[in-house]
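Contents: one structure, followed by commentary.
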């Protein structure tokens, strides 16, 4: 059996070379290949062009044990992967009766006659093994050529993923000879990337030089940072223990800004804390316009701990639905700590929640003043015992300010829940 | 001057070969290169590995006029692009005093001393021209080698984009010899991909065979479809006229489900219609949990036509804030046309809006029943003259159902605004 240590991924399709589409299959495939201990050496996007595809395929086959292609298996004249692979491997294309029958019966089940064009999909390189596609007409193909393995998968993720998981991964698992990759992720809210780097850098240099070396990658978005730790090993318990230790060291150093070390999202962590506490939450949003409630309701089961929310864009709504006094609005303006506080406390009271969050700010691009420039955002969190209010100065364009505000609101709720934990 | 017709993009960085990161610079670069008439033949991601990068660079230089790399220009030992390019071009690396000085003064301006490591960034292939980087320490490099052009750009998009626009694009424009690409986009809501294909297919076959051939690409997401039309030409007015005609033919055939032909988003179109009408909108959301209001407030200036909204997750909020009668909830259930209607009419009345939208549904994965399975979503739109109510059966997981519901709600608002247009 051909041992497999290295792979290259070729995404086939001219549409993937336009400014509108990204090949995302490669992320999915990379995750699985890494899990098995197969190193992805490179990935490329290739147009529906026989000569170009043939060239890239030859280049890939020279350099890695396994080449996976996605796309180009359809019934039209643009779909060239089968033919080009046959040409590169110097094997003839042959009609596969079983594939033709499977496609024909798929059409029949839907009460349709198979178009002639689909017969192209039954012409496969001699010696190729068909990979059944329950979600489409294009079968995948598994081809062994000398000490190289070439796997052809369909382009649509909903066809590619189940085919890979059920038919390809188990076969690769038998052949994979590299050390598997094990991973952990630490999620951190409301810390600057440079702050996190400063704290984490000495630890991850140490981890990189440890007996089981751990690699750390930092992914930063406005307000939210993920540290990805990975270790390669053939010994799962050893890798797990090393990673757990690494995670523990980093989590201790980073302290209370760590949201989760088990992959949970910030909104899921907030939901869990509310559930544990037996509390319900309500939201009062101005500049985020419903996005905080939208994020909380991403969590399945959120009806157990979310009462609802008010999108209070106008001052009238702030008064009428949240009991914000007109005098506060007049005196301090809609974007001010007293108004944020009144929104959080008002939504709590009016919706009968235990904890309320109020957000009011200037997302831009217009509406800023010298005193309150674009990016000024007030976030208040009210609990039965205290209300905390914070004013943030956020950078970036409108979507960035809004996105950052959503994370800040969720994180301040999380911190309030922790600070207000029952004795 | 080297004529440039074809390009290949190499994104350099091991982190781009993990399951977590995508190279998005290539989309940006492709758009600009296509605009200039330069064809992107292929794009690849290459690890921080000298041997691999050298190989890929040689392959690319054999096949295209222009190779653009992104990444690998930093000051650390991982950053190999400069060295590898020098090796492949067989030119020595030389210290560039001007680059060193620029980096040093960048640090000085921030009151810092330049670390020794940054001097690496001043070692460049002999004959390379530095591209100034006002947003970072890594200068880009412009290298001509025989009839090939190699352009090295930094990896971070906020550094790459201004550098490309100000220093690279104008130079390429002088050399680009291909026909430029001109584009249009038609946005369509609430039509199945197959329906759109059936209507559009005969038209875009005709357009593909026209004197100025127009290529059409369909991008489909749940509830929303984009048709991208592109034409290659050296004559802008001719291409524009052909595209305008193609857009007009498709828009006529697709009728009222066309949201825009000028690139505007659905929420922007809704905002424009509200503004033109002088109406204000309010939202009452259950299963979408604030996402419809969130989408509307993505539009800058939405405070001119959005009053606010209520996220009515619990039955109590539906009664208290939206005046949904308890008897309706008891008799028909929260997910029902009478309740959807009452939510839309109630939010309109209570928030003093002219048009209201109510959304109630079962996003899953739990909560479905045989009568009302997961994906059942009721959307109601109330205007002063009529309330329309629709029940949809949507497929997919929780985020898909919610996303599709948001588009459906915005589209039904758009249609109500059109149907209710002043005489």
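Residue numbers (our numbering), protein chains in the order written: chain A, 640 to 1062; chain B, 640 to 1062.
Don't be surprised by glycine CBs; every beta carbon is placed ideally from N, CA and C.
This one's a predicted model, so the numbers in the text were calculated from it and none came from an experiment.
- Of all residues in the region 862–893 of chain A, the ones placed with a Cβ closer than 9 Å to any Cβ belonging to chain B are 865, 867 and 869, in chain order.
- Contact annotation: in the region 988–1001 of chain A, residues whose CB is within less than 9 Å of a CB in chain B are 989, 990 and 991.
- Under the DSSP assignment, residue 810 of chain A falls in the alpha helix (DSSP H) whose first and last residues are 808–814.
- A residue is called buried when at least 16 other Cβ atoms come within 10 angstroms of its Cβ; residue 771 of chain A does not meet this threshold and is exposed.
- For chain A, none of the residues of the region 833–847 of chain B brings a beta carbon within less than 9 Å of one of its beta carbons.
- Assignment of residue 899 of chain B by DSSP, reduced to helix, strand and coil, places it in the strand class.
- Distance between residue 1039 of chain A and residue 861 of chain A, taken at the CA atoms: about 7 Å.
- Beta-bridge annotation (DSSP): residue 781 of chain B is paired with B:768 and B:790.
- The beta carbon of residue 1032 of chain B is closer than 7 Å to those of 1014 and 1015 in its chain, skipping five residues each way along the sequence.
- Contact note: residue 951 of chain A reaches chain B through 947, using a C-beta cutoff of 7 Å and chain order.
- DSSP places residue 659 of chain A in the coil class of the three-state scheme, outside both helix and strand.
- Taking CB atoms only, residue 942 of chain A has a neighbour in chain B less than 8 Å away.
- Annotation: the continuous beta strand (DSSP E) that includes residue 1020 of chain A extends over 1015–1021.
- Interface residue (Cβ-Cβ distance to chain A less than 8 Å): residue 654 of chain B is classified as such.
- Proximity to residue 689 of chain B across A:681, A:731 and A:968 peaks at A:681, based on C-alpha coordinates.
- In this structure, the straight-line span from the alpha carbon of residue 890 of chain B to that of residue 912 of chain B is close to 19 Å.
- Of all residues in the region 666–680 of chain B, only 666, 667, 669, 670, 673, 679 and 680 come within less than 8 Å of chain A when Cβ atoms are compared, listed by chain position.
- Here DSSP, grouped into helix, strand and coil, assigns residue 934 of chain B to helix.
- At a cut-off of 8 Å between C-beta atoms, residue 683 of chain A counts as an interface residue with respect to chain B.
- Residue state for residue 982 of chain A is assigned as helix, using DSSP reduced to three classes.
- Contact annotation for residue 698 of chain B against chain A: 694, 695 and 698 [CB-CB distance below 9 Å, chain order].
- For the C-beta of residue 691 of chain A, the chain B residues within less than 7 Å are, from N- to C-terminus, 680 and 681.
- Taking 8 Å as the cut-off, the beta carbon of residue 906 of chain A is found closer than this to the beta carbon of residue 935 of chain A.
- In the DSSP annotation of this structure, residue 803 of chain B is not part of any beta strand (DSSP E), being labelled neither H nor E.
- Around the CB of residue 788 of chain A, 16 or more other CB atoms lie within 10 Å, so the residue is classed as buried.
- Chain A has no Cβ within less than 8 Å of the Cβ of residue 778 of chain B.
- Between residue 765 of chain A and residue 710 of chain A, the CB-CB gap reaches or exceeds 8 Å.
- Taking CB atoms only, residue 964 of chain B has no neighbour in chain A less than 8 Å away.
- For residue 713 of chain A, the CB contacts under 7 Å within the same chain, skipping 5 residues up- and downstream, are 777 in chain order.
- Here the region 933–953 of chain B does not lie against the region 1017–1027 of chain B, with fewer than 3 beta-carbon pairs under 8 Å apart.
- Between residue 928 of chain B and chain A, the shortest Cβ-Cβ separation is below 8 Å.
- Think of a sphere of 8 Å around the beta carbon of residue 858 of chain B: the chain A residues whose beta carbon falls inside it are 659 and 660, in chain order.
- For a Cβ distance threshold of 8 Å, nothing in chain A lies close to residue 646 of chain B: the least Cβ distance comes to about 10 Å.
- Within the same chain, and ignoring the five residues on either side of residue 878 of chain A in sequence, the residues whose Cβ sits closer than 7 Å to its Cβ are 821, 851, 870 and 872.
- Under a criterion of Cβ atoms nearer than 9 Å, the residues of chain B adjacent to residue 960 of chain A are, in order, 947, 949, 960, 989 and 990.
- Contact of residue 955 of chain B with chain A is assigned, a C-beta pair being separated by under 8 Å.
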